Structures are given as C-alpha cells and as structure tokens.
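Asker: Pasting a structure below so you can have a look.
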Amino acid sequence: MGAAEDSGLPRERGLVVKPPRPWSFSSVVEYGEPLSPAARFFRQPQINCHIVAILGLGKIVAADEVKAALKDTLVRHPRFSSIQVVDKSWRKTVRWERTEVNLDDHVIYPVIAASGDSINGDRFVENYVFDLCRSPLDPSRPLWDLHVLAVNTSEAPMVAVLRIHHSLGDGVSLMSLLFACTRRTSDFESLPSLPEARRRVAAAGTGFGACKLLFLLWTFIVYAWNTLVDAFLFICSAVFLKDSKTPLFGVEGVEYCPKRFVHRTISLDDVKAIKKAMDCTVNDVLVGVTSAALSRYLERNYDGNLPPNLMIRSTVLVNIRPSPGINELAYMMKVGSRAKWGNRLGYVILRFPIMNVEDPLDYIRKGIKVAERKKKSFEAIFTYGSALLIVKSLGIKAAACLCHRVISNTSLSFSNMVGPIEEVGFCGSPLVYIAPSVYGHPQALTIHFQSYMKKMKVVLAVDEHVIPEPHKLLEDIAHSLEVIKDAATASP
1 MGAAEDSGLP
11 RERGLVVKPP
21 RPWSFSSVVE
31 YGEPLSPAAR
41 FFRQPQINCH
51 IVAILGLGKI
61 VAADEVKAAL
71 KDTLVRHPRF
81 SSIQVVDKSW
91 RKTVRWERTE
101 VNLDDHVIYP
111 VIAASGDSIN
121 GDRFVENYVF
131 DLCRSPLDPS
141 RPLWDLHVLA
151 VNTSEAPMVA
161 VLRIHHSLGD
171 GVSLMSLLFA
181 CTRRTSDFES
191 LPSLPEARRR
201 VAAAGTGFGA
211 CKLLFLLWTF
221 IVYAWNTLVD
231 AFLFICSAVF
241 LKDSKTPLFG
251 VEGVEYCPKR
261 FVHRTISLDD
271 VKAIKKAMDC
281 TVNDVLVGVT
291 SAALSRYLER
301 NYDGNLPPNL
311 MIRSTVLVNI
321 RPSPGINELA
331 YMMKVGSRAK
341 WGNRLGYVIL
351 RFPIMNVEDP
361 LDYIRKGIKV
371 AERKKKSFEA
381 IFTYGSALLI
391 VKSLGIKAAA
401 CLCHRVISNT
411 SLSFSNMVGP
421 IEEVGFCGSP
431 LVYIAPSVYG
441 HPQALTIHFQ
451 SYMKKMKVVL
461 AVDEHVIPEP
471 HKLLEDIAHS
481 LEVIKDAATA
491 SP
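Residue 80 in full-length UniProt numbering is what sits at position 80 of the sequence shown, and the numbering runs on without skipping anything.
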C-alpha cells in the first residue's frame, strides 16, 4: 500500500545494478535477520495484505527475456530471495532466511486462447487478477510472483501482474525497487530520474525575536491539539465509532473475499491545472475529486436523494520516514539510512466531504481544508508509535486486532504514489502504464492514484458483493475531474 503524495530527494545519479561479487547487500542485511514488527503484522490472518501491480507492456516479451532481466535485478534484492522461517528458540522468532530462487516457480506464463478483441482482453485480465486473489503465495518460496499475460488489451499488447506480500515492504520501498529495476527507453543504460522533492515554503511570520517565538509556540499548540483530537478519534474508531452504512461499506469478513481490480487513465495535466488554479497540492486536488466522485456515486445509489451528514472516512497510509519520497534503492538499504527499506507507515483517518454543491470547486476548497488540517497533526507518527508499543507490551496479535478494528470501521483506503516522470522499460519492454493496489485488508474499496509520465492511473480494488459495478465509480472519478477542471480553468 502506497503513501500520500511525497516527491523524492533529487540525486545526481541513479543506482546502477551490477552483478554483486560477493552479494551486494550482504553488508547491510544479515542472514537470519528477524522480521520487523510491521512485517510480522502483515502476516496476521486478518491483515494478510498483498500488493498487486498491473503493468502494461508495450511489446511481446519472451519468458527467457523476462527471467534474465529479473535475475539481474529483482532477485538480487534480499527480500525477494529470502523466505520467512521460524527459528528453534523458545521465542519462535520469525526470520528472513536466504534461499535459492528458481525463477520457473515465480514467473508464470499461462496458456491463453488467442483473441484479438481488446475488450475481451481487458475483461480477461480483470478476471485473472480476481482469481489470483484466491490463490495464496507459497510460504516455502520467496513471497512474490510475476504473471505475464500474452493478451491484447485496450492499452497494451501484453500485461504483467506482479504480486508481492506486503511484509516485504511498503509502496515507497517497492517503488524505489521499480526505479532500480527499470531503464529509460531513451537510454537503456540510464535509470529513471527520481521525482523532485517538494519544497516547503517558509511561513511569513518566521522572523526573529518575539514574533518568531510566538509563531513557534502557536504552531506547537496547533499540532499538539490536532494530534490529541486525532488520537482520541483513532481510539474511538477502534472501540465504537463507525462510518455510515452506505453502499461503500464492507461486510464482515470482507478481507477474505477476492477483489476485482479495475483502472482508468486520467490526465495528470488536468490535475496540475486544477492545482495551479486553486493554489494547492496534487493531494488536495485528488481528495476533492474523490469527494465529488463518491458524492455522485452515492447520490445515484440513493436514487437522487443523498442523505445528509454521511460519514465516509478513509484510512490513508503515510510514509513516516525522516527522508520523504522515493529514494534510491542503495540509499534505502544502507545501514542508518533515513529512508530505510521496509514498512515505515502510519495511519491517518481522513473524512471525505459527501455533499451536493452548485460550484464544483467547493469540493476542492473543502478538500484543501481537510488535507491542511491533517498536515498539522502527528497522527501518523502516533498510530505507528502506538502500534509498536502494543506489539512490545501485548504482542503482535493485539496490535493486529486493534488495526483491524480501526480499518473495518472505515469505508475505504486511499493513497497516491509518484512514479517515473519519463517512459521506462521493464524486462525488455516499454512500460505503458503502472496500476498498483492491494488486497487482504478489511475494506470493500481501495482507491489508488499512480502517476507515470504525464498520465495518472486511477485504480480501484473492490469487493463485488458490495460494489458490483466498479467501472461506474471509475467513470464518476473521471467525470468529476473533468467538471472541476473546466470550472477551475473558466474561473477568473
């Protein structure tokens, strides 16, 4: 699962992957290293999460070519060449143990009946990934696999589906690995450029003397109060506070149901046009657009009579690393790194405004207000720290139970991830699109935004028993973006 919009640190050069002699990561990842609390957390049955990345390939790629590329890149990473084993100590500690990777077990080329119909191809990929959610990864092997589907779709002549257990790492870690495993199509010797970091603008009142002291004091009070309120609401959500029972809310046991993954491409330029017109961030725009789309979807499901005061909240996974954004893989694997590999995530509970408005820009204005409020809180650090405290004091099962309660009492998950800014090649083929999401958590809806070049993918993972027509929700998101963009560019 990915984090909210977070651009990476600018660096002069990318990591060049070369055959390690000896193994290039041996100095930073020890044999038999225990699983982190977060990795153990994702092993629990009720939070047994898997990341799925659907990759559109620009040309047909043979199995031998794919395996050769993975052998030189992905397999060299210690997490992708290790299994999880329980040691013989009385603690029964789960550890990473290096193993030999047989790529024939991990790279699957299913036999597919030839069909030139791209619409049938799109549906085939949807059904294939849906069925993939039913089959668990083999714990006797490294917890990942790659399914290459030689089927013509509306966007790509071939599709690859990369499935990774969430205990291997979070979205930020895996995106850094993708950067290391790909090359620019304009220069196959060069790695993709890392996204530029966002620059924080200094506040106007931060001068010297008494004014600065008062500003810092006020900032501390605001952050402390907001964090206290968010912590209280987080505890309430774990005990009794639930979202409204709407056509989006999952049923009990939804985490064990297979999910249907659907996606649609929208224009990143349209998102940036709204951002510029409203003087806000990309995340603010996406919160507003999603709010408008959910309002439109629910109004249709309530036959045009949208109930007032609906509480629709999302759990947002936030990257809490001191060094934000997408970083080079070598930097993340380095001992003492400020952007360490793994699952470094905290939860933020974000409420989406559900309302009817005459001015579409009101959704963005409301989204900005909601997002700005969350930026002035340490809720993510609180949730991460409290989870670690519960693991150490009460055990991993108690922490998983708490998190399961909070997530199951909210309606959806929401995330936005920054991808390569230029076209890249993967396993010898240009990447047409990147469409990641997740399954295994107790919600019926996950909305993920993934940028790549000048496009953005909207990816939905849904339980069809709750949301039987996910393509209509995709259409609502695309329509809301268009309406808001037209209003933003038309306003003086």
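Think of the CB as a built atom: it goes at the ideal place given N, C-alpha and C, for glycine as much as any other residue.
Since this is a predicted model, take the numbers as computed values, not measurements.
Would you report the Cα separation of Arg91 and Glu255, rounded to the nearest angstrom?
Answerer: Going by the C-alpha atoms only, they are around 29 Å apart.
Asker: Leaving out five residues on either side along the sequence, give the residues of the same chain with a beta carbon under 7 Å from the beta carbon of Ala488.
Answerer: Correct list, in chain order: Ala273, Ile274, Ala277, Met278 and Leu361.
Asker: State buried or exposed for Asn102, treating a residue as buried only when at least 16 other CB atoms are found within 10 Å of its CB.
Answerer: The residue is exposed, with fewer than 16 neighbouring Cβ atoms inside 10 Å.
Asker: May I ask you to verify whether the segment 390-408 touches the segment 420-429, counting CB pairs closer than 8 Å and requiring at least 3?
Answerer: Contact fails: fewer than three Cβ-Cβ distances are below 8 Å.
Asker: Taking the straight line between their C-alpha atoms, what separation do you get for Ser386 and Gly58?
Answerer: Cα-Cα distance, rounded: 45 Å.
Asker: Using only alpha-carbon positions, find the residue among Ser135, Ala292, Lys259 and Thr246 that is nearest to His479.
Answerer: The shortest C-alpha separation from His479 is found at Ala292.
Asker: At the level of alpha carbons, what is the spacing between Asn309 and Phe188?
Answerer: When rounded, the distance between both Cα atoms is 53 Å.
Asker: Take Ala398 and list the residues in its own chain whose beta-carbon comes closer than 6 Å to its own, dropping the five residues that flank it on each side.
Answerer: Cβ within range, chain order: Ile390.
Asker: Mapping the DSSP letters down to three states, classify Leu137 as helix, strand or coil.
Answerer: Here Leu137 sits in coil by DSSP.
Asker: Between the segment 435-452 and the segment 79-91, do three or more beta carbon pairs fall short of 8 Å?
Answerer: They do not touch, by the three-pair rule.
Asker: By alpha-carbon positions, which one of Ile221, Ala39 and Val287 ends up nearest to Ser413?
Answerer: Of Ile221, Ala39 and Val287, the residue nearest in Cα terms is Val287.
Asker: Please report the distance separating the alpha-carbon of Glu100 from that of Val61.
Answerer: Taking the straight line from one Cα to the other gives about 25 Å.
Asker: Between Leu402, Ile83, Leu70 and Pro307, which lies nearest to Pro353 when the distance is taken from Cα to Cα?
Answerer: Checking every option, the nearest Cα to that of Pro353 belongs to Pro307.
Asker: In chain order, which continuous runs of the beta strand (DSSP E) of length 3 or greater are located wholly inside the segment 274-329?
Answerer: If we require 3 residues or more, the beta strand (DSSP E) runs fully inside the segment 274-329 come out as 312-319.
Asker: Would you mind stating whether Gly425 and Arg183 have Cβ atoms separated by less than 8 Å?
Answerer: Closer than 8 Å, so yes.
Asker: Run through the UniProt domain "O-acyltransferase WSD1 C-terminal" (341-485) for me and flag every whole alpha helix (DSSP H) of 4 or more residues, listed as ranges in chain order.
Answerer: If we require 4 residues or more, the alpha helix (DSSP H) runs fully inside the UniProt domain "O-acyltransferase WSD1 C-terminal" (341-485) come out as 361-375, 379-394 and 396-408.
Asker: In angstroms, rounded to a whole number, what distance separates the CA positions of Thr131 and Phe240?
Answerer: A small correction: the amino acid at residue 131 is Asp; Thr does not occupy that position in the sequence shown. Each residue's Cα considered, the two are about 34 Å apart.
Asker: Between which two residues does the beta strand (DSSP E) harbouring Asp145 extend?
Answerer: Taken as a continuous stretch (DSSP letters only), the beta strand (DSSP E) holding Asp145 covers Trp144 to Leu149.
Asker: What residues match up with residue 510 in a beta bridge as DSSP calls it?
Answerer: Residue coverage of the chain in this structure runs from 1 to 492, which leaves residue 510 outside it and unanswerable.
Asker: Along the chain, which unbroken stretches of the beta strand (DSSP E) at least 3 residues long are found entirely within the segment 43-87?
Answerer: The qualifying runs are 50-57 and 82-86.
Asker: May I ask you to list the residues that DSSP assigns as paired with Ser267?
Answerer: According to DSSP, which records beta bridges pairwise, Ser267 is partnered with Lys455.
Asker: Of all the options His448, Glu423 and Leu213, which has the alpha carbon lying nearest to the alpha carbon of Ala435?
Answerer: The shortest C-alpha separation from Ala435 is found at His448.
Asker: With distances taken between CB atoms, is the gap from Val348 to Lys374 smaller than 8 Å?
Answerer: It is a contact, given that the beta carbons lie within the stated cut-off.
Asker: Using DSSP bridges, identify the partner residues of Glu97.
Answerer: According to DSSP, which records beta bridges pairwise, Glu97 is partnered with Ile83.
Asker: Just to confirm before moving on: does the CB-CB distance between Ser295 and Asn356 stay below 8 Å?
Answerer: Cβ distance < 8 Å, so Ser295 and Asn356 count as in contact.
Asker: For the candidate residues Trp144, Pro468, Leu350 and Val418, whose alpha-carbon lies nearest to that of Val458?
Answerer: Of the listed residues, the one whose Cα sits closest to Val458 is Val418.
Asker: Tell me the rounded alpha-carbon separation between Val251 and Leu445.
Answerer: Looking at the two C-alpha atoms, the distance is approximately 11 Å.
Asker: Classify Pro192 as helix, strand or coil using the three-state DSSP reduction.
Answerer: Coil at Pro192, not helix or strand.
Asker: Just to confirm, is the Cβ distance from Leu137 to Arg95 under 8 Å?
Answerer: In this structure, Arg95 does not lie closer than 8 Å to Leu137 by Cβ.
Asker: Alpha helix (DSSP H) containing Lys221: first to last residue?
Answerer: The identity of residue 221 in the sequence shown is Ile, whereas the question assumes Lys. Unbroken alpha helix (DSSP H) run through Ile221: Ala210 to Val239.
Asker: If you draw a straight line from the C-alpha of Val66 to the C-alpha of Val107, how long is it?
Answerer: Taking the straight line from one Cα to the other gives about 8 Å.
Asker: Can you tell me which of Asp463, Val370 and Asp303 puts its alpha carbon nearest to the alpha carbon of Val289?
Answerer: Measuring from the Cα of Val289, the nearest candidate turns out to be Val370.
Asker: Can you list, in chain order, the residues of its chain with a C-beta nearer than 7 Å to that of Leu174? Leave out the 5 residues immediately preceding and following it.
Answerer: The answer, listed in chain order, is Ile51 and Ile164.
Asker: His147 and Ala156 look like a contact to me (Cβ under 8 Å); what is the Cβ gap, rounded to whole Å?
Answerer: With a Cβ gap of about 14 Å, His147 and Ala156 do not count as contacting.
Asker: Locate the alpha helix (DSSP H) running through Pro258, then write down its first and last residues.
Answerer: Here Pro258 belongs to no alpha helix (DSSP H), and DSSP marks it neither H nor E.
Asker: What residue range does the alpha helix (DSSP H) around Asp243 cover?
Answerer: That residue, Asp243, is in no alpha helix (DSSP H); it is neither H nor E in DSSP.
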